[in-house]
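Reviewing the structure listed below.
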Amino acid sequence: MATVAAHNELNVYESAEARFEVAAKLLGLEEGLYKYLRYPNKEITVYIPVAMDNGHLEVFIGYRVHHSIVRGPCKGGIRFAPDVTLDEVRALAAWMTWKCAVVNIPFGGAKGGVICDPNKLSRGELERITRRYTAELSEWIGPERDVPAPDLGTNEQTMAWVMDTYSMHVRHTTTAVVTGKPLDLGGSHGRKEATGRGCQIVCDRALAKLGMKRENTRVIIQGFGNVGSMSAMLMHQAGYKIVGVADIYGALYNEKGFDIPALLDWVYAKHKPVPEFPAGGVKFFPQEILFQPCDILLPAAVENQITSQNAHRVQARILCEGANGPTTSPADEILEKKGVFVIPDILGNAGGVTVSYFEWVQDRQGFFWRESEVNERLQDVMEHSFDEVVRYAETHGVNNRIAAYMLAIDRVGFALKLRGIYA
Ligand code: NAD
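304 is the number that the numbering used here gives to position 299 of the sequence shown; each next residue is one higher, with no gaps.
See the structure below:
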């Protein structure tokens, strides 16, 4: 199984590498392909000068990593956060390659990030950071090259600025340069809900496999942003009981289940923190929610939440990873021994990139689909991908995470062999 020295456990790049190595070994990947796929294609660092509202000039550091263009243009989000590191962006870029291959969409993987705290910046400062970051990267992004999307700390508005800046540089409106845009600028119906909807679809599939019923299934969701809140809304509508919720300010547990529409209103209309929800429950620190009684645990916040130090405390039957990298590599072994059915991030949260792919297709054909068409196609992709990963795991006697990696590496490796190496 994956081996990462304990002191490196929280380095997401090393965690991603450890899984890659296990899967590549089990696949018997040729040494040359192993070397090729292990490293990113390109890493770009940009220094972003920004005139701050107070008149001072500040310089922010930004990254964009292209991990692979083997199966198509790079695809991956842009993260604005104070703790962004190149290692993190590298890991996230590699995960995008594997994720796109797991759901079999024609993209490679990329990721970007800017070291900044969006909560402490004005709208004007954020716009200037985004535009200069985009301008610096303008020759590396594009509908055929690299197609960014939102991630932590960025949103539809950020994507509108990226689209506009890129369009100004190439002198024509190019909506397909980013996904996750507002509907009025070439966005897709269903994109906002897509990652959460994908989580619900794979959870439904897991319940069917394990002989469980939605109405008896208690769910805990950590993170109440795009992924967490949309998962909560859709799973609540589908009959699941959401018993635990958390955001960065704290967590609430209520065994009777939350009134999710009221909680959405509290957080999104009233702009209040989750733990202060008046119809609440027992309060916890944000991470403690992961270890309360439930049937499905859905981390949808940040990396490194379930580690070798705490994985034994997870009580869930199913772990559906809405976030990227919420579980460290050493924690995988503990969860496996406990018999937790893991839906790994590169499958569990792939609904987002799948509908991003649909958005890119719609932008390029200039013809937009109804929401029901988007959702139906998403359902097809997620169900099929879930079944493929689980079948692969059973056939090869590995856990679902390693199966997803093996399936993905096999697909990318096969495409690479077909293309050959340009000398
Ligand atoms: P977001 O910024 O919309 O929301 C993040 C949420 O997590 C917020 O509610 C925040 O308060 C909470 N949070 C942050 N730190 C926390 C902590 N330590 N404990 C508890 N809660 C905490 O972000 P998002 O778009 O929902 O992304 C969440 C995760 O899902 C990230 O790992 C992201 O990479 C991944 N992801 C997002 C998408 C997407 O479509 N948005 C797609 C695939 C994967």
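Ideal Cβ placement from N, Cα and C applies to all residues, glycine included. Bear in mind that the values here come from a model prediction, so they are computed numbers and not experimental data.
query: Beta-bridge pairing of GLN292 - partner residues as DSSP gives them; result: Looking at the DSSP assignment, GLN292 forms no beta bridge with any residue, so it has no partner.
query: 3-residue-minimum beta strand (DSSP E) runs that sit fully inside the stretch 104 to 181, ordered along the chain; result: 113 to 120, 151 to 155
query: Where the beta strand (DSSP E) through GLY185 begins and ends; result: Note, GLY185: premise wrong, no beta strand (DSSP E); not H, not E.
query: Per-residue DSSP class, three states only, for ARG84; result: strand
query: PRO78 versus PHE25: straight-line alpha-carbon distance, rounded; result: 21 Å
query: Distance between TYR41 and TRP271 (C-alpha atoms, nearest Å); result: 48 Å
query: Residues near TYR410 by beta carbon distance below 7 Å, same chain, minus five either side; result: ARG24, PHE25, ALA28, TRP103
query: Exposure of LYS422, with buried meaning 16 or more beta-carbon neighbours within 10 Å; result: exposed
query: Residues near ARG382 by beta carbon distance below 7 Å, same chain, minus five either side; result: PHE363
query: DSSP three-state assignment for ALA420, whether helix, strand or coil; result: helix
query: Residues near MET6 in its chain [Cβ-Cβ closer than 6 Å; skip 5 each side]; result: Unreliable placement is indicated for MET6, whose pLDDT of 42 sits below 50; no coordinate value is reported for it.
query: Heavy atom of the ligand NAD within 8 Å of GLN162 beta-carbon; result: no
query: Own chain partners of TYR52 with C-beta closer than 7 Å, once the 5 adjacent residues on each side are dropped; result: VAL64, ILE66
query: Nearest-angstrom Cβ-Cβ length linking ILE294 and CYS325, presumed shorter than 8 Å; result: With a Cβ gap of about 15 Å, ILE294 and CYS325 do not count as contacting.
query: Per-residue burial, ALA274 [other beta carbons within 10 Å of its own, 16 or more giving buried]; result: exposed
query: Heavy atom of the ligand NAP within 8 Å of ALA165 beta-carbon; result: Looking at this structure, you won't find the ligand NAP anywhere; what it does contain is the ligand NAD.
query: Any non-hydrogen atom of the ligand NAD closer than 8 Å to ALA305 Cβ; result: yes
query: Residue environment, GLN314, which counts as buried when at least 16 other CB atoms sit within 10 Å; result: exposed
query: Length of the line joining the Cα atoms of LEU302 and ILE226; result: 6 Å
query: Residues near TYR18 in its chain [Cβ-Cβ closer than 6 Å; skip 5 each side]; result: ASP92, ARG95, ALA96
query: Secondary structure of ARG219, DSSP reduced to three states; result: helix
query: Reference VAL379, options ASP392, ALA413, THR200, TYR138, closest by Cα; result: THR200
query: Counted within 10 angstroms of its Cβ, other Cβ atoms place ARG335 as buried (16 or more) or exposed; result: Here residue 335 turns out to be Pro, not Arg, going by the sequence shown. Flag for PRO335 reads buried.
query: C-alpha distance - VAL279 paired with ALA305, whole-angstrom precision; result: 14 Å
query: Distance, LEU257 Cα to ALA420 Cα; result: 46 Å
query: Under the three-state DSSP convention, the category SER193 falls into; result: coil
query: C-alpha gap between ASN2 and THR90, whole angstroms; result: Because the chain is modelled from 6 through 428, residue 2 falls outside the range shown and cannot be assessed.
query: Contact test: PRO153 Cβ vs the ligand NAD heavy atom, cutoff 8 Å; result: no
query: Beta carbon of SER390 nearer than 9 Å to that of VAL107; result: yes
query: According to DSSP, residues forming a beta bridge with THR50; result: TYR68
query: One or two residues paired with ILE301 in a DSSP bridge; result: VAL224, ILE323
query: Limits of the alpha helix (DSSP H) - the one that LEU239 falls within; result: 231 to 242
query: Closest residue to GLY33 among LYS186, VAL70, ALA316, ILE414 (Cα-Cα distance); result: ILE414
query: Beta-bridge pairing of CYS79 - partner residues as DSSP gives them; result: GLY113, ASP151
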